[in-house]
Amino acid sequence: MIRHLVLFKLNEGVERDDPRVAAGVRAFEKLGGEIPELRVWECGWNISDRPIAYDFAINSAVDDQPALRLYLEHPAHQAGVALWREFATWVIADYPC
């Protein structure tokens, strides 16, 4: 299995209640049921108030590299990414688990 972690940081001046952010969250919340390659799918808002903390996280897992590629290329994933590009930056880590 491969764990796929993504941490999002909202751009300066963008708040969680921004309609664009709400649409991005909804798009990602649905992915677990839309992409068959996903074995684990969790996402949610950070609850830490530490200054180095990111704002939103995705914790997911797929079987292998081909499944990761299918997930990343899936139209629903690409649509969600396009939304988040408008208001956030992110970091990613993929590792075997």
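Take 81 as the starting number for the sequence shown in our numbering and just add one per residue.
Note that CB positions come from ideal geometry on N, CA and C, so glycine has one too.
Selection ALA107, TYR134, PRO116, MET81 evaluated against GLU95 yields TYR134 as nearest (Cα-Cα). Here the segment 130-145 makes contact with the segment 84-93; the two share three or more CB pairs at distances below 8 angstroms. Per DSSP, the unbroken beta strand (DSSP E) holding VAL142 starts and ends at 136-142. Taking the C-beta atoms as reference points, LEU111 is found nearer than 8 angstroms to HIS157. Across the structure, LEU118 and GLN145 are spaced so that their CA atoms are roughly 12 angstroms apart.
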